[in-house]
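**Q**
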Amino acid sequence: MDDLFVKLTTRMILPFIQLYGLYVILHGHLSPGGGFSGGAIYAASIVLYTLAFGLEKGKERMPHEISARIETGGILVYVLVGLSGIFLGYTFLTNIEAGFPIGTFGKVLSAGLIPVVTFAIGLKVMSTIVTLFHTMLEEES
4 MDDLFVKLTT RMILPFIQLY GLYVILHGHL SPGGGFSGGA IYAASIVLYT
54 LAFGLEKGKE RMPHEISARI ETGGILVYVL VGLSGIFLGY TFLTNIEAGF
104 PIGTFGKVLS AGLIPVVTFA IGLKVMSTIV TLFHTMLEEE S
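Going by the numbering used here, 59 is the number at position 56 of the sequence shown; the sequence numbering is gapless.
#1: Have a look at F39 and K127 and give me their C-alpha separation to the nearest angstrom.
#2: In the DSSP assignment, find the alpha helix (DSSP H) that holds K110 and state where it starts and stops.
#3: Going along the chain, which residues of its own chain have a beta-carbon closer than 8 Å to the beta-carbon of T107, five neighbours each way excluded?
#4: Should V133 be counted as a contact of the ligand PLP given a C-beta to heavy atom distance under 7 Å?
#5: Where A71 and G92 are concerned, what is the direct C-alpha to C-alpha distance, given to the nearest angstrom?
#6: Between which residues of its own chain and R64 is the CB-CB distance below 7 Å, once the five residues before and five after are set aside?
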């Protein structure tokens, strides 16, 4: 797209969309939102950038190799956190019973390992949406 207004507006609002996506991911255990919602918001910012500046610029912003590593890392963190409960003799994704510190209620660093799992889900969702969008655009052209 060669519309100057769209490109300028995208550059102006992109950091705010991404910051909000991270906020939703990191506060998902305290308020509505979480990894899926925040990951989708963050991915929407990259989709917007790709639509405004083209597929090549979008792929420069989020290359497939990086996206694949983020996707793998997100699911790997999720599984490792889940297995840590099993290794301690409890069920998958056990949190408080396994002795993980839960912190102070209402603070960002609370809820034990739930924020870590939420962040891993956010990474997985974001990278999956971006990969699917870029793949669909590649197949279309």
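Note that beta-carbon positions come from the ideal geometry of N, C-alpha and C, so glycine has one too.
**A** So, from the listed chains and residues:
#1: 8 Å
#2: No alpha helix (DSSP H) contains K110, which DSSP labels as neither H nor E.
#3: S113
#4: The ligand PLP is not among the ligands present in this structure, which contains no ligands whatsoever.
#5: 32 Å
#6: I49 and Y52
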